[in-house]
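A.B. asks: Residue numbers (the numbering used here): 1 to 375. Sending over a structure as structure tokens; questions will come in a sec.
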């Protein structure tokens with residue numbers, strides 16, 4: 001691989017390009033207008049687990065504003081080791097456990113054993129790649145891959161059902177499915193099977209992007225114009241809603257979104273109580289809005305309006321998840337093109353000591369690199 005600059009500081013030219021919008025961030029990569037990758041972003045830690053050999057400083061770096069909207073997915077595949085994946089799956093499991101009893105009050109049964117099986121598969125994979133005997137290592141890795149394939153089928157089915165019912169757990173199952181795919185892909189990378197890893201990633205990405213769009217459609221509801229209600233003017237504007245609609249059509253601008261919503265805008269005021277009564281659990285949990293004989297009481301309506309800005313946050317986070325997952329293709333294609341192993345790529349570190357408040361490292365190729373995207 002040609003010399004790559006790895007640093008704790010964003011190079012001045014790239015910072016200028018981001019400022020004047022000649023460069024843009026796409027998940028964990030920075031690209032120019034032609035789509036060439038000019039820089040990779042990589043977290044120094046994920047879920048409190050430091051990248052090996054580097055201790056991140058406390059506080060917030062200036063790059064946090066560059067990253068913007070959050071996602072449970074990391075900026076790069078290389079940060080997603082089996083330990084990190086385990087922590088993230090455990091976190092999702094805990095979140096679901098937190099609402100399990102409430103969901104059961106509306107007759108939605110949750111089988112938590114699937115998460116225990118997934119975590120056991122991650123333990124199996126982590127142990128496999130610490131084995132010195134190559135046959136044992138290979139056989140254990142294949143066992144783990146089979147368990148991850150099983151998890152993919154399970155969480156695909158759960159996600160489909162949740163999307164059909166517009167349920168509360170759509171995002172949790174979507175993220176779990178992402179991690180199941182990424183665990184399988186990580187196994188292939190550890191085995192040195194980069195071509196297989198890329199092929200499986202492309203298949204996974206097609207599914208994940210489809211489900212993310214369906215999830216956002218659920219959150220937009222039948223009348224997305226309601227998000228521009230005057231009561232929400234301090235938290236949601238047309239520009240922000242346009243960013244959501246661009247996940248369906250990247251060419252849409254604010255004028256285009258206004259035209260899409262024009263008719264609904266004039267009906268929203270008259271019909272919003274009916275709309276409130278039809279909101280799915282994915283937008284607001286049913287136990288948070290009690291319906292009386294005369295419909296939804298004022299406190300219920302207030303709870304809905306307080307919830308809607310959070311729903312837009314969730315849509316933006318889902319879009320960020322989409323971008324991060326899709327941008328993993330650039331990382332995988334680079335490994336194949338440059339004939340670099342995952343370990344070599346993973347072990348890239350800055351030569352200098354961490355700067356104060358550094359939470360990211362920046363990986364800059366000597367020249368912009370044209371790599372195939374996931375699409």
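Quick reminder that beta carbons are idealized off the backbone N, C-alpha and C, glycines included.
(1) Give the secondary structure of residue 26 by DSSP, where H, G and I count as helix, E and B as strand, and everything else as coil.
(2) Under the rule that 16 or more other beta-carbon atoms within 10 Å means buried, what is residue 366, buried or exposed?
(3) Three Cβ pairs or more, each shorter than 8 angstroms: is that satisfied between the segment 228–236 and the segment 307–325?
(4) For residue 126, I'd like the list of residues in its chain whose CB is within less than 7 angstroms of its CB, leaving aside the five on either flank, ordered along the chain.
(5) Please go through the segment 77–130 and give each complete beta strand (DSSP E) segment of 3 or more residues, from N-terminal end onward.
(6) Tell me whether the beta-carbon of residue 148 lies closer than 9 angstroms to the beta-carbon of residue 181.
(7) Pull up the CB-CB distance for residue 215 and residue 171, whole angstroms please, since I reckon it's below 8 angstroms.
(8) Determine the closest residue to residue 312 out of 220, 152 and 120, with distance taken between C-alpha atoms.
(9) Could you say which of 85, 78 and 146 lies nearest to residue 178 if we only look at CA atoms?
(10) To the nearest angstrom, how far is the alpha carbon of residue 360 from that of residue 32?
(11) What is the DSSP secondary structure of residue 61, reduced to helix, strand or coil?
(12) How do the segment 148–162 and the segment 92–100 stand: do at least 3 beta-carbon pairs fall below 8 angstroms, yes or no?
(13) Give the straight-line distance between the Cα atoms of residue 52 and residue 347, rounded to the nearest whole angstrom.
(14) Where are the alpha helix (DSSP H) runs, 4 residues long or more, that stay fully inside the segment 222–289, in chain order?
(15) Inspect the beta-carbon positions of residue 280 and residue 166 and report whether they are closer than 9 angstroms.
(16) Could you tell me which residues DSSP puts in a beta bridge with residue 369?
(17) Please state whether DSSP places residue 70 in a helix, a strand or coil.
(18) Just to confirm, is the Cβ distance from residue 363 to residue 5 under 9 angstroms?
(19) Any contact of the segment 192–208 with the segment 105–121, i.e. 3+ C-beta pairs under 8 angstroms?
(20) Quick check on DSSP: helix, strand or coil for residue 395?
(21) What's the call for residue 343, buried or exposed, on a 16-neighbour Cβ count within 10 Å?
(22) Does the Cβ of residue 343 lie closer than 8 angstroms to at least one heavy atom of the ligand FAD?
(23) Quick check on residue 295: buried or exposed, where buried means 16 or more other Cβ atoms within 10 Å of its Cβ?
(24) Taking Cβ to Cβ, would you say residue 79 is nearer than 9 angstroms to residue 316?
(25) Please work out which residues of its chain come closer than 8 angstroms, Cβ to Cβ, to residue 143, disregarding the five sequence neighbours upstream and downstream, and give them in chain order.
(26) When DSSP builds the beta bridges, which residues end up paired with residue 42?
(27) To the nearest angstrom, report how far apart residue 318 and residue 212 are at their CA atoms.
(28) Rank 29, 192 and 111 by C-alpha distance to the C-alpha of residue 138 and give the top, closest one.
(29) Looking at chain C, is there any beta carbon in it that lies within less than 9 angstroms of the beta carbon of residue 291?
(30) One question on the structure: do residue 185 and residue 77 come within less than 9 angstroms of each other, judged by their Cβ atoms?
(31) Just to confirm my understanding: we take residue 188, look at its own chain, exclude 5 residues before and 5 after, and list those with CB closer than 7 angstroms. What are they?
(32) Is the CB-CB distance between residue 17 and residue 74 below 9 angstroms?
(33) Measuring straight from C-alpha to C-alpha, what distance separates residue 282 and residue 218?
C.D. replies: Reading from the atomic positions:
(1) In the structure shown, residue 26 sits in a strand (DSSP, three-state: E or B).
(2) Label assigned to residue 366: exposed.
(3) Touching, yes.
(4) Scanning its chain for C-beta atoms nearer than 7 angstroms, with the 5 sequence neighbours on each side dropped, one finds around residue 126 the residues 82 and 83, in chain order.
(5) Counting whole runs of 3 or more residues, the segment 77–130 contains no beta strand (DSSP E) stretch at all.
(6) Closer than 9 angstroms, so yes.
(7) Yes, residue 215 and residue 171 are in contact; Cβ-Cβ is about 7 angstroms, under 8 angstroms.
(8) With distances taken between Cα atoms, residue 312 lies closest to 220.
(9) 85 is the residue among 85, 78 and 146 whose C-alpha sits nearest the C-alpha of residue 178.
(10) Taking the CA atoms as reference points, residue 360 sits about 20 angstroms from residue 32.
(11) Because residue 61 sits at a pLDDT of 41, beneath the cut-off of 50, its placement in the model cannot be relied upon, and the point is left open.
(12) Segments in contact, no.
(13) At residue 52, the pLDDT of 38 sits below 50, so the modelled position is not reliable and the matter cannot be decided from this model.
(14) Listed in chain order, the complete alpha helix (DSSP H) runs (minimum 4 residues) inside the segment 222–289 are 238–245 and 254–277.
(15) Taking 9 angstroms as the Cβ cut-off, residue 280 and residue 166 qualify as a contacting pair.
(16) Answer by DSSP bridge pairing, in chain order: 37.
(17) Annotated three-state conformation of residue 70 is coil, per DSSP.
(18) Result yes, Cβ atoms of residue 363 and residue 5 sit closer than 9 angstroms.
(19) Between the segment 192–208 and the segment 105–121, the count of C-beta pairs closer than 8 angstroms stays below three; the two stretches do not touch.
(20) It is not possible to answer for residue 395, since the shown part of the chain is limited to 1 through 375.
(21) Residue environment for residue 343: exposed (fewer than 16 other C-beta atoms within 10 angstroms of its C-beta).
(22) Looking for the ligand FAD in the displayed structure turns up nothing, as the structure carries no ligands at all.
(23) Under this definition residue 295 is an exposed residue.
(24) Not in contact: residue 79 and residue 316 (Cβ atoms no closer than 9 angstroms).
(25) So the qualifying residues of the chain are 124 and 128.
(26) Residue 42 is bridged to 361.
(27) Residue 318 and residue 212 have their C-alpha atoms spaced approximately 7 angstroms apart.
(28) Residue 192 is the option with its Cα nearest to residue 138.
(29) Chain labels in this structure do not include chain C; a single protein chain is all it has.
(30) Contact: yes.
(31) For residue 188, where only same-chain residues beyond five positions count, the Cβ hits under 7 angstroms are 196, 197 and 200.
(32) Between residue 17 and residue 74, the CB-CB gap reaches or exceeds 9 angstroms.
(33) Going by the C-alpha atoms only, they are around 7 angstroms apart.
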